[in-house]
Amino acid sequence: MPRHVHPGVVVRSSGAGSVGVRGRGEEPGRAVDRGSPMTTVPAPSARSAGVFLREFVRHPVHTASCTPSSRALAEVMCAPVPADGDPVVVELGPGTGAFTDLIAERLGGRGHHLAVELNPRLAALLQRRHPGLDVAVAPAAELPALLAERGLAGCDVVVSGLPWAAWPETTPLLTEVLAAALHPDGALTQFGYAWTRRARPARRLRHRLDQVFAEVVSGPAILRNVPPAFVHTARRPRREDVPRR
Ligand SMILES: C[S@@+](CC[C@H](N)C(=O)[O-])C[C@H]1O[C@@H](n2cnc3c(N)ncnc32)[C@H](O)[C@@H]1O
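When we follow the working numbering, the leftmost residue of the sequence shown carries the number 1, and every step to the right adds one.
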């Protein structure tokens, strides 16, 4: 049964696959959906690629790519997902699930995996591929409310596929929202396309990351992705006030 979080925001939760562990800050006894420890991740299909392309044609600015990310890029994006414990992992803009698959593999049913996707068609596809996943059809800016709704005090990792480079300069990059949602030892990963690395939007993002995180590492080009991409890994969110932009 879908639960309504905010007007226009529907959270689907299958209720299957709870492993009886609680994420940080959850209320005891609160029903939270997680994948089973025995979760097997369905392989991405040609259908996923077709859906992605169709959604790109429908919403080029929001989708911002005509093909899902590669496994090589996913490996770097998902590297901060802890190998033990019960981490809260948030995925923003999961699309057809290029990173979702690897996060689910790494978690193996531990912790809480929340995927926040604006496009309801992509969210529905993702939910079909990962029935135990907590999928929120919502803009990423709603993250604080989505965490609160689940009784989660924050998150350990944010894996972001948000197409910030396509956003107008006046649109907030959400970096301070994400820094505030992360626990002090948490990490954010965000990818960009290598050929845009020196362009103004990419410089704007790097500048904002430097303002709200004490440590930002921008990795080398990952050539085994179409188009080649690179990953920012940001840690140690600054707690002091930073100017909003
Ligand atoms: C470049 S695609 C990345 C998809 C996937 N992570 C990948 O790498 O293959 C961007 C995704 O972000 C979603 N998106 C765009 N704006 C969003 C927003 N404000 N909040 C949540 N999702 C958003 C799009 O619908 C799309 O699925």
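Every residue, glycine too, gets a C-beta built ideally from N, C-alpha and C.
Keep in mind it's a predicted model, so treat the numbers as computed, not measured.
Residue i: first and last residue of the uninterrupted alpha helix (DSSP H) it sits in
i, result
"Glu105", "100-107"
"Leu125", "120-129"
"Glu149", "143-149"
Three-way DSSP call (helix, strand, coil) for residue i in this model
i, result
"Arg238", "coil"
"Arg34", "The predicted position of Arg34 is uncertain, since its pLDDT is 40 and thus under 50; no value can be drawn from it."
"Ala49", "helix"
"Val216", "strand"
"Val76", "helix"
"Gly29", "Because Gly29 carries a pLDDT of 29, less than 50, the predicted location of this residue cannot be relied on, and no value is offered for it."
"Arg229", "In the sequence as displayed, the identity of residue 229 is Ala instead of Arg. Three-state result, Ala229: strand."
"Ala16", "Low confidence applies here, because Ala16 scores a pLDDT of 31, under 50, leaving its location unreliable; read the following figure in that light. Reduced to three states, the DSSP call for Ala16 is coil."
Cβ of residue i within 7 Å of any chain C Cβ
i, result
"Cys78", "Looking for chain C here will not work: only one protein chain is present."
Unbroken beta strand (DSSP E) run spanning residue i, endpoints
i, result
"Ala136", "134-137"
"Leu92", "88-92"
"Ala115", "112-117"
Best match in the options for proximity to residue i [C-alpha to C-alpha]
i, options, result
"Ala79", "Ala124, Ala214, Leu107, Pro163", "Leu107"
"Val226", "Arg54, Ala74, Val51", "Ala74"
"Gly192", "Val212, Asp210, Pro163", "Pro163"
"Arg71", "Leu173, Leu114, Arg224", "Arg224"
"Leu178", "Val116, Arg203, Trp195, Pro228", "Val116"
"Arg58", "Pro94, Pro120, Pro82", "Pro120"
"Ala234", "Gly151, Thr196, Thr175, Arg198", "Thr175"
"Val135", "Thr96, Val51, Leu173", "Thr96"
"Val51", "Val88, Pro228, Gly85, Ala98", "Ala98"
"Pro237", "Val231, Leu209, Pro87", "Leu209"
"Val216", "Ala148, Thr189, Gly132, Val81", "Thr189"
"Gly219", "Pro68, Pro60, Val76", "Val76"
"Asp84", "Gly111, Pro60, Ser69", "Gly111"
"Gly132", "His113, Leu92, Ala194, Trp195", "His113"
"Ala221", "Ala214, His232, Gln211, Val212", "His232"
"Ala202", "Ala148, Arg54, Val88, Leu173", "Leu173"
"Gly186", "Thr67, Pro82, Arg54", "Pro82"
"Leu118", "Phe230, Arg239, Glu55", "Glu55"
"Arg264", "Phe230, Val212, Ala229, Pro94", "The structure shown does not extend to residue 264, since the chain is modelled only from 1 through 245, so no value can be given for it."
"Pro68", "Arg206, Gly161, Arg200", "Gly161"
> With a cut-off of 8 Å, do at least 3 Cβ pairs link the stretch 152-172 to the stretch 122-130?
Replying inline: no
>> Could you tell me which whole beta strand (DSSP E) segments of length 3 or greater appear in the stretch 151-213?
In response: 155-160, 182-193
> Between the stretch 164-171 and the stretch 132-139, do at least 3 Cβ pairs fall closer than 8 Å?
Replying inline: no
>> When you compare the stretch 96-108 with the stretch 174-182, are there three or more beta-carbon pairs, one atom per stretch, that lie closer than 8 Å?
In response: no
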